[in-house]
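Mapping the sequence shown onto the numbering used here, position 192 (from 1) lands on 759, and the numbers just tick up by one. A virtual CB, placed ideally from N, CA and C, is assigned to each residue, including glycine.
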Amino acid sequence: MTKILVVDDEPQLLRALRITLRARGYEVDTAPTGAAALQTAARRHPELILLDLGLPDLDGIEVIEGLRPWYDGPIVVLSARHTTDDKVLALDAGADDYVTKPFGMEELLARLRAALRRATPAPDALVVTTDAFTVDLAAKRVTAGDHDVRLTPTEWGLLEVLIRNPGRLVSHKQLLNDVWGSAYKQESNYLRVYVAQLRRKLEPDPARPRYLLTEAGMGYRFEPDRRRSTG
């Protein structure tokens, strides 16, 4: 079953969402505070997070910013805040969709299904194989030969963005936003450190990278083996 984390401090709404989502076949965890949301997400690894912005301890934007450095699943905001500025702030922080209260349950369910569809890799892109290593995006697993390669959440997030854009330049700005969040715009030194770590773990010769290439002053590129195909 698809696992969803619902974060809201209104007990009645939390109960209604839990009952409705479970009736539709979802596995549901709940959290009434921002701190509980971060802890539950780290422990339970939900495939989607439904997040209220008006929480008693942390603002929902802070929760999104706390999740995005390591959580790559869809975040759908559920909020009574109706202004365009609030919506833009949430989306720029890393939310995938924004639903305002009051809402229709069928519309919310449709938004959740759409967010989950967008987050699911196309079947032909689930596994990327090179001569040196294999990346299974669905399983979040990297292997080199017969051995698993252990990556930190940040290393995985960076590698996944590059793998999903084979042969294409991914700018410093996009990588920082996708991996660390919208608050990080100038910290290109982060990228140098983590790309160097990935090269040490994946490249046959880290000093002469073959797959994780630097485009000076612009960004990075994953260059797959030309004769290989994904599948």
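- Straight-line spacing of the CA atoms in leucine 588 and valine 760 works out to 41 Å.
- When C-alpha distances from valine 595 are compared across Glu674, Asn744, Ile571, Ala602, the shortest belongs to Ile571.
- Within the same chain, Thr701 come within 6 Å of threonine 710 by CB-CB distance, once the 5 residues on both sides are set aside.
- Valine 694 carries a strand assignment under DSSP once its states are collapsed to helix, strand and coil.
- DSSP places threonine 569 outside any alpha helix (DSSP H), giving it a letter other than H or E.
- Separation of proline 773 and threonine 607 (C-alpha to C-alpha, rounded to the nearest whole angstrom) is 37 Å.
- Annotation: the region 650-677 contains the following complete segments of the alpha helix (DSSP H) (minimum length 4 residues), in chain order: 651-660.
- Non-local beta-carbon contacts of leucine 769 in its own chain, meaning distances under 6 Å to residues more than five positions away in sequence, involve Phe700 in chain order.
- Residue nearest to proline 613 within the set Met568, Phe789, Glu727, Pro623 is Met568 (criterion: CA-CA distance).
- Counting along the chain, the unbroken alpha helix (DSSP H) around leucine 726 starts and ends at 720-730.
- Between glycine 671 and serine 646, the CB-CB gap reaches or exceeds 8 Å.
- For valine 762, the enclosing alpha helix (DSSP H) covers residues 755-769.
- With contacts defined by Cβ atoms closer than 8 Å, alanine 682 and proline 641 form a contacting pair.
- Of the residues assessed, histidine 739 falls on the buried side of the cut-off, its CB having 16 or more other CB atoms within 10 angstroms.
- At a Cβ-Cβ threshold of 8 Å, glycine 786 and leucine 736 count as neighbours.
- For valine 574 and proline 776, the gap between their C-alpha atoms comes out near 43 Å.
- The C-beta of glutamate 673 has fewer than 16 other C-beta atoms within 10 Å across all chains shown, which makes the residue exposed.
- In the same chain as alanine 604, and ignoring 5 residues on each side of it, the C-beta atoms closer than 6 Å to its own belong to Val574, Ala598, Val630, in chain order.
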